[in-house]
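Structure record follows, encoded as structure tokens.
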Amino acid sequence: MRIRKTLITYDHVVEFLKNRLAQPPCGNDHDFMPMLEEGSATFKVSMDVLLKKGFRKAYRQIVEGL
């Protein structure tokens with residue numbers, strides 16, 4: 019039996035960030051590294067995979083308005 023992995027897309031990353039950043043911040047948990055670590059745990063992939071899927075671009079687009 020093969021287990022099919024869900025492919026993470028840029029849209030998944032954007033949706034995760036929008037949902038997470040809509041919650042009130044607690045300390046510095048809306049900073050880049052804590053968000054990357056949380057995304058890594060949520061999607062069960064390494065931080066490198068998220069960075070390759072456009073995490074930095076999505077974060078800047080949402081938080082910094084770029």
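Each step along the sequence shown adds one to the number in this note's numbering, with nothing skipped, and position 31 is 49.
No residue lacks a Cβ here, since even glycine has one placed at the ideal position from N, Cα and C.
Keep in mind the model is a prediction, meaning the values are calculated, not measured.
For Gly45, count neighbouring Cβ atoms within 10 angstroms of its own Cβ and tell me buried if that reaches 16, exposed if not. Mapped onto the sequence shown, residue 45 falls at position 27. Exposed: under 16 other Cβ atoms inside 10 Å.
Got a sec? Which residues, its chain only, sit under 6 angstroms from Ile26 by beta carbon, not counting five neighbours each side? Counting from one through the sequence shown, the residue named residue 26 turns up at place 8. Once the five neighbours on either side are set aside, the close Cβ partners of Ile26 are Phe61 and Lys71.
Please return the same chain residues whose Cβ sits closer than 7 angstroms to the Cβ of Met19, not counting the five positions on each side in sequence. For the purposes of this step, residue 19 is taken as residue 1 along the sequence shown, with counting starting at 1. Unreliable positioning characterises Met19 in this predicted model, as indicated by a pLDDT of 46, which lies under 50. A coordinate reading is not provided.
Span of the alpha helix (DSSP H) holding Ala85? The chain is shown from 19 up to 84; residue 85 falls before or after that span and cannot be answered.
Nearest-angstrom Cβ-Cβ length linking Glu56 and Arg78, presumed shorter than 8 angstroms: Indexing the sequence shown from 1 puts residue 56 at position 38. Indexing the sequence shown from 1 puts residue 78 at position 60. Not quite, the Cβ-Cβ distance comes to about 17 angstroms (not below 8 angstroms), so this is no contact.
Three-state secondary structure assigned by DSSP to Ser58: Start at 1 with the first residue of the sequence shown, and residue 58 comes out as number 40. The answer is helix: DSSP assigns Ser58 an H, G or I state.
By a C-beta neighbour count over all protein chains shown, 10 Å radius and 16 as the cutoff for buried, is Phe50 buried or exposed? Here residue 50 refers to the residue found at position 32 of the sequence shown. If you draw a 10 Å sphere on the C-beta of Phe50, you find fewer than 16 other C-beta atoms in it, and that means exposed.
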